[in-house]
Amino acid sequence: MRRYLIAGNWKMNKTIKEACELVNKLVAELKDIKEIDIAIFPPFTALSETYKIIKETNISLGAQNMWYEPKGAYTGETSPAFIVDVGCKYVIVGHSERRKYFQEKDELINRKVKSAIEWNLIPIVCVGETLEQREKGETNKVIEYEINELDGIDFSKIVLAYEPIWAIGTGKTATPETAEETHKFIRDLIQKKYSPEIASNLCILYGGSAKPDNIEALIRKPDIDGALVGGASLEANSFIEMIKKARSV
Ligand code: PGA
110 MRRYLIAGNW
120 KMNKTIKEAC
130 ELVNKLVAEL
140 KDIKEIDIAI
150 FPPFTALSET
160 YKIIKETNIS
170 LGAQNMWYEP
180 KGAYTGETSP
190 AFIVDVGCKY
200 VIVGHSERRK
210 YFQEKDELIN
220 RKVKSAIEWN
230 LIPIVCVGET
240 LEQREKGETN
250 KVIEYEINEL
260 DGIDFSKIVL
270 AYEPIWAIGT
280 GKTATPETAE
290 ETHKFIRDLI
300 QKKYSPEIAS
310 NLCILYGGSA
320 KPDNIEALIR
330 KPDIDGALVG
340 GASLEANSFI
350 EMIKKARSV
């Protein structure tokens, strides 16, 4: 049985003090919510302090990225071992901003996902098409390619996030119908490639301008299991509202 997951990706926002203020508000308002899973992804510098606040609560911690080796001469990178050490349960891998600004390719993403699973982290693996690809009618082809590149990965150990790139940070959300079409395509593909059981247990999040106004309609769709939320997770009120709405669905 799949559970809803609402995950807040803070991206490169919040100092330690700001992060702790936000987390304190979330804990106060969300502590009794048991029906859905909640996770936050503060920047690396705030993971340790925010973990102290959420440690005994229903809110889980995640990192926005990781390297695939556990240690070594990789200046500026963060090991899966450190992410586990600081209290993370999740890690985002293959976000479109990593693909675009840091030239992360599918092969690297594959290694990171495998390493995350080895470290008992739950990778949230992002896939999605650009506006140009959508307009050319290539959405399914792009998604299928990205999923095929996740070769050798145990899909019972990951969360997928469908994030149409044209909807990220733009205020343009995919309509629930458009999003559901792709979510269903993904689930059918996983069923064909792996098994009906893996497909029906796979949590597939939607990401791209998810906000309090559209969260309910999105997750009412049968194949949408929650959201990876950027902008709307930076404000306590909007993130809290989204979680309360998701709980009531
Ligand atoms: P957004 O970001 O909600 O600000 O569009 C989503 C994401 O990048 O995960």
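Residue numbers (the working numbering): 110 to 358. Beta carbons are placed, not taken as given, at the ideal position from N, Cα and C, and that holds for glycine.
| Check | Outcome |
| --- | --- |
| CB of N118 within 8 angstroms of CB of F150, strictly | yes |
| First through last residue of the alpha helix (DSSP H) which encompasses V338 | Taken as a continuous stretch (DSSP letters only), V338 belongs to no alpha helix (DSSP H), being part of the beta strand (DSSP E) at G335 to V338. |
| E289 versus G181: straight-line alpha-carbon distance, rounded | 42 angstroms |
| Cβ pair count under 8 angstroms reaching 3, the segment 203-216 against the segment 175-191 | no |
| Assigned exposure category for N257 - 16 Cβ within 10 Å defines buried | exposed |
| C-beta contact flag for I145 and V338 at 8 angstroms | no |
| Collapsed DSSP secondary structure at C312 in the structure displayed | strand |
| Exposure of D368, with buried meaning 16 or more beta-carbon neighbours within 10 Å | Absent from the model: residue 368. The displayed extent of the chain is 110 to 358, so no value can be given. |
| The segment 168-179 in contact with the segment 221-234 per 3-pair CB rule at 8 angstroms | yes |
| D194 in three-state terms, based on DSSP | helix |
| Cβ-Cβ distance between P285 and K330 below 8 angstroms | yes |
| Exposure of Y199, with buried meaning 16 or more beta-carbon neighbours within 10 Å | buried |
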